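First the structure, in the form of C-alpha cells, and then the observations on it.
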Amino acid sequence: MLDPVTVTSSGKGLDLYRATPPLVWDITHTRVAISFNLTERTADGQAWISLHPYMYPTDTLVLDAKSMMIQSVMLDGANGRTLPFEYRDNKLKIRMGKEYLSKDTIQVYIKYKAMPYGTEVGGSKAIAEDRGLYFINTDHAVPNKPVQIWTQGETEATSHWMPTFDKPNERFTTQVEITVPDSFKTLGNGYLLSQVRSGARLRTDTWIMEKTIQPYVAMMAIGNYAVVEDKWRGREVSYYVEPEFERYARLMFKNTPDMIEYFSNITGVAYPWNKYSQVVVRDYVSGAMENTTATVFGEFMNQNAREIADKDHEDVVSHELFHQWFGDYVTAESWTNLTVNESFATYGEQLWRRHKYGDASADELAHDDLIKYLSSARQSEPPLVRHRYANREEMFDLISYQKGGAILKYMHGLMGDSAFFKSMKLYLTQNALKPAEATHWRLAVEEATGQDWNWFFNQWYNKGGFPDLEVLYNYDDAAQQLVVTVEQKQDSASFILPLKAEVLYGADKTVENWNVRSRKERFIYPYKNGVRPVVIPDSRNWLVGKMADKKQPEQLKAQFVQSKENYLNRYRAVTAASKQLSDNNAQEIFTLALADKEPGIREQVLRYLARQTDKKWQDKWRQEVAFTAVNDGAARVRAAAFDVLSAWKVESSKPDMLAALADSSYNVAGAALNGLYKLKDDTAYGLSKRMLQTDPKGRLLFTALEIVGEKGNAEDVALYTSRAPYLYGTNKIEFANAMATYLINVRDVAAFESALPTYVQMVNSESISSYRFAIGSFFFEAAGNIKELSRNARTNAEKDGAEQKLSIMKKYAEQILNNEKEKNYQRQYKNTMKVFGS
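In C-alpha cells, the structure reads:
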C-alpha cells in the first residue's frame with residue numbers, strides 16, 4: 001500500500017510485545033456470496049469456510065467478524081447441523097460440539113449481514129478509515145459523482161464483509177459471488193468464472209482465486225467502469241476507469257506490461273498470477289492498495305493527457321505492482337515485519353526508474369525519499385523491524401517505506417546487481433505463497449553472497465536511528481597531503497559504514513573504499529605533481545543518514561564538473577554552493593547548473609534563485625532565467641523559471657508570460673499567469689476569467705481561481721458555485737482554498753451569501769474525514785480573516801459589511817459543526833466558533 005505518513009506514537013501499548021499471531025485453525029478455502037442494500041449501505045452475505053485445526057486439537061472456533069449481524073451458523077453447509085455461537089466484540093465464537101484434529105478438514109457455513117456503517121469507524125493517518133466495505137454515493141446524494149462499492153482490507157478490515165482470521169499470516173483460496181445491478185461491472189481477485197442473471201436487473205459474477213492469498217488482499221470493486229485491456233505474455237492486463245477517462249487509461253497506467261516483464265526478469269520469478277487489473281475508485285481511504293491480481297488506486301489517478309504530462313503517477317503504479325511479488329506472493333507474517341512488503345515496493349519504484357529512465361531519474365527519487373525520511377527522523381526512533389508499537393497502523397510510516405527503501409538501495413550497492421537479484425529470487429522462491437519475516441530475507445542474502453550479514457541487519461533492521469556524519473578537509477601544502485576527517489556526530493552508538501569515495505586529481509579519478517567504523521576516522525591522500533586532491537565522500541550515495549560535507553566552493557566546483565554521470569553529487573554541490581554564493585566558484589556552479597543536462601538540477605538551481613532578493617544576483621542571471629522560461633525542454637523547468645521571473649518581478653518578461661498561457665503544460669501556464677498577477681498586470685484578472693472558460697486543470701485552474709478570488713467581484717460567484725460539484729480528492733481541497741479567498745474578498749453580500757450553501761455542501765458531502773476537515777478549516781479561516789477585516793476597517797461601511805458577512809456565515813458554520821462526527825474535528829471547530837462571538 002502506498003501512503004506512508006509521519007506517525008508520532010502516543011506511547012500507549014509500547015510495553016506490549018507484538019508476537020506473530022498464533023495459528024489455531026488454518027483456513028484452506030473461503031466461498032462468499034454477497035449482495036448489497038445500496039440505500040442502507042449494508043450487505044447480505046453467506047460464507048462457506050473450509051478449515052482444519054493447525055496443529056493441536058480444539059473444539060472451539062473464533063473468527064473475526066466486524067460490524068456484522070450473525071444470523072446462523074451451520075456445519076457442512078446451509079443445510080447442515082446448527083452450531084451454537086456467541087457474537088461479541090467483533091468476534092464470532094463457535095462451539096463445534098466435538099474436538100477436531102489437524103487431519104480433520106470441515107466446512108462452516110455462516111449467514112450474516114455486514115453493516116460497515118453501523119459502528120464507529122476507526123482508522124489512522126495512514127489508512128483514514130477501517131470500514132473494510134465502502135458504499136460510495138449509493139444514495140445518489142452528490143450530483144456528478146459515480147455510484148461505487150469497493151473494499152479495503154489492510155490492515156485487518158476484510159472481516160467487515162467476510163468472516164475470517166484477519167491476520168497477515170493466514171492464506172487461503174477464494175470464490176466470491178457478487179450480486180449487483182446488471183449495469184455495473186465487478187472486479188475481484190483471480191479470474192471471472194461466470195456471469196449469471198439472478199433476478200430483475202441483477203447479475204451474479206463469480207470470481208475465483210486459485211492460489212492462496214492473505215485476507216487483507218481479498219477484494220471487490222463495483223461500479224460503472226470502462227475496461228481497457230492490455231496484454232503481458234498473453235495474460236490479461238486491464239484498467240478499470242470511469243468512462244470519462246477511458247481514452248487516457250493507457251497513459252494513467254503507462255508501461256504496466258513493460259514493468260511486469262522487468263520485475264519478472266530481475267526477481268527471477270515470472271509474474272505469479274493469472275492476470276493483473278488496476279481500478280480507480282472514489283473516496284479511497286489511502287493512496288493505493290496491492291490486492292492480489294487487482295490493485296485499487298485513489299481518484300488522484302483520474303487525469304487527462306495534459307495533466308499526466310505535468311505529473312504522472314508511474315511511481316505509484318510500479319510500487320503497487322512490485323507488491324505482487326513482495327507482499328502478495330510472499331507476505332509479511334506480522335505487522336512487525338511490514339518492511340519486507342513496503343521497503344521492497346518503495347525500492348521497486350527506483351529500480352523501475354533506473355531501468356526505464358536512467359540513473360539520474362532513479363537517484364532523484366532516491367534522494368527525495370531519503371529527505372522525506374530524514375525530515376522527521378530522530379535517533380530515538382523505533383527500528384525497521386519493531387516488536388513494540390501502540391497500533392499496527394503506526395507501522396505504515398517513513399521508516400517502513402522510505403528508510404527501508406534506502407536500506408535496500410545501500411544493500412544493493414554493497415552486493416552488486418547479480419547478488420542482489422539472486423537474493424530476491426531466493427527469498428521469493430523459498431517462501432512462495434507463505435508468510436515471511438526479515439530473517440528470511442537475511443538468510444536469502446547470506447545464501448546468495450556466502451557472507452554473514454548479521455552485522456548489517458542488527459544495525460539497520462533491529463535498531464533505530466541513523467548516522468550523522470561531518471566530513472572535514474585539511475590541506476597541508478607543506479606535507480603535500482590532504483587529511484580527510486570523518487566524524488560520526490549522532491548521540492547513539494557508532495555505525496559500521498562501508499562506503500565509496502572518489503578522489504579527483506583534476507580530470508583523473510580513482511575510487512577508494514572507506515570503512516567508517518569509529519567515531520572518528522582519518523583518510524590521507526597525497527598531492528600529485530602539486531595538484532590538490534578533491535574527495536567526494538559517499539560518492540555512490542549509499543548513506544542512509546545525514547552528511548555535512550565541509551567543502552570550499554573551489555572543491556565543490558571540481559565535484560560538480562567531474563561528476564558528469566552522477567546526479568546526486570552534482571545536486572549536492574549546487575546545494576552547498578547556494579550557501580556560499582558570494583564566492584566566484586559557487587556562482588560558476590549556478591551558471592553551469594542552469595545548463596545542466598538533467599532537468600532536476602536545472603529546476604533545483606532555479607528554486608534557489610527564486611529566493612535571491614539581492615539585485616546583483618538577479619542582474620547576473622536574469623537573462624539565462626528568461627531564456628530558460630521560454631526554451632527549456634522540460635515543463636517543470638520552464639515553470640520554475642517563470643516562478644523566478646515572478647519573484648523578481650521582471651517586467652520585460654510579460655510578453656513571454658502572455659505567450660506561455662498557451663503552453664502545453666498546466667504548470668507552466670499557471671506559473672506564467674501567476675507571474676502576470678505578481679507584476680500587477682491589469683490583464684491578469686481578465687485572463688484568469690478567460691482561462692476558466694476552457695476547463696483548465698492543475699496549477700492553471702487554481703491560480704486563476706485565486707486571482708479571481710482576490711478581486712472579489714460579485715459577478716464571479718458562479719465561477720465557483722458551478723465548478724464545485726465536479727471537483728473531488730485533493731483538487732477539492734485546493735478549490736476550497738481558492739473559494740475561501742473569494743469569500744474573504746467579495747463585498748457584495750448577496751453574492752457572498754449565495755456561495756455559502758455550495759461551500760457547506762462541499763464540506764458535508766466529503767466522506768474522507770481528513771479531506772472534509774481540511775475543506776471545513778478553510779471556511780473557518782475565511783471567517784477569521786473577515787473578522788480581522790472588521791477590526792481593521794477604515795470606514796463604518798467596511799466594518800458593517802464584514803460584520804454582516806460574519807453574521808450570515810455563522811449559521812453555515814453551525815451546519816458544518818453539527819454534521820461533523822469526528823470528535824477531534826468537532827473540538828477544533830467548536831474552538832474556532834468564537835470568531836462568531838459564541
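In terms of the working numbering, the sequence shown is residues 1 to 838. All residues carry an ideal CB built from backbone N, CA and C; glycine is no exception. Predicted, not measured: the structure shown is a model, and the values here were computed from it.
- Counting along the chain, His-412 sits inside the alpha helix (DSSP H) bounded by residues 404–415.
- No Cβ-Cβ contact shorter than 8 Å links Asp-230 with Thr-204.
- Contact between Tyr-666 and Pro-696 holds, with the beta-carbon distance rounding to 6 Å and staying under 8 Å.
- Of all C-beta pairs linking the segment 510–520 to the segment 341–357, fewer than three are shorter than 8 Å, placing the two stretches out of contact.
- Residue range 68–75 is occupied by the beta strand (DSSP E) that includes Met-74.
- By the 16-neighbour rule on beta-carbons within 10 angstroms, Glu-244 is exposed.
- Residue nearest to Val-316 within the set Met-252, Trp-453, Thr-82, Phe-466 is Met-252 (criterion: CA-CA distance).
- Beta-bridge partners assigned by DSSP to Pro-526: Gln-481.
- Spanning the alpha carbons of Ala-629 and Asp-656 requires a straight line of approximately 8 Å.
- Inclusion of Met-96 and Asp-64 in the CB contact set at 8 Å is not warranted, their separation being larger than that value.
- In the DSSP annotation of this structure, the continuous segment of the alpha helix (DSSP H) that includes Ala-704 starts and ends at 698–711.
- For Ser-653, there is no enclosing alpha helix (DSSP H), since its DSSP letter is neither H nor E.
- Taken in chain order, the complete beta strand (DSSP E) segments of 3 or more residues contained in the segment 229–264 are 235–241.
- By the neighbour-count criterion, in which 16 or more other beta carbons inside 10 Å mark a residue as buried, Met-55 falls on the exposed side.
- A Cβ-Cβ distance of about 7 Å is found for the pair Pro-383 and Tyr-461, placing them in contact under the 8 Å criterion.
- If you keep only unbroken alpha helix (DSSP H) runs of at least 4 residues inside the segment 515–572, you get 553–562.
- Here Gln-379 is exposed. Its C-beta has fewer than 16 other C-beta atoms within 10 Å.
- By the Cβ test, the segment 298–314 is not in contact with the segment 369–377, since fewer than three Cβ pairs between them sit closer than 8 Å.
- The C-beta separation of Leu-700 from Leu-673 comes to about 7 Å, placing the pair in contact by the 8 Å criterion.
- Distance from the Cα of Lys-509 is smallest, within the candidate group Arg-519, Val-281, Val-531, Leu-497, for Val-531.
- Take Gly-404, set aside five residues on each side of it, and the residues of its chain with a beta-carbon closer than 7 Å to its own are Thr-339, Glu-342, Ser-343, Thr-346, Leu-384, in chain order.
- Scanning its chain for C-beta atoms nearer than 6 Å, with the 5 sequence neighbours on each side dropped, one finds around Ser-688 the residues Ala-704, Ile-707, Val-708, in chain order.
- The beta carbon of Asn-764 is closer than 6 Å to those of Asn-819 in its chain, skipping five residues each way along the sequence.
- Our two residues, Val-644 and Arg-602, have alpha carbons roughly 12 Å apart in a direct line.
- Taking the Cα positions, Val-62 is about 43 Å away from Pro-143.
- Within the segment 279–322, the alpha helix (DSSP H) runs of at least 4 residues that lie entirely inside it are, in chain order, 305–310.
- Excluding sequence positions up to five before and after Ile-136, its CB lies within less than 6 Å of the CB of Gln-148, Arg-282, Asp-283, all in the same chain and listed in chain order.
- Under DSSP, Thr-206 takes part in a beta bridge, and its partners are Glu-177, Ser-194.
- Restricting attention to Glu-753, Ile-536, Val-605, Arg-353, the CA atom closest to the CA of Val-471 is found in Ile-536.
- By the neighbour-count definition (other C-beta atoms within 10 Å, threshold 16), Val-196 is an exposed residue.
- Annotation: the continuous beta strand (DSSP E) that includes Asp-476 extends over 468–476.
- Straight through space, the alpha carbons of Ser-767 and Glu-822 are spaced by roughly 11 Å.
- Note that the C-beta distance between Met-219 and Gly-188 is below 8 Å.
- Per the C-alpha coordinates, the member of Phe-457, Val-746, Gly-776, Asn-745 positioned closest to Tyr-759 is Gly-776.
- Here Lys-113 is bridged, per DSSP, to Asp-44, Met-69.
- Ala-114 sits close to Ala-43, with the two beta carbons spaced by under 8 Å.
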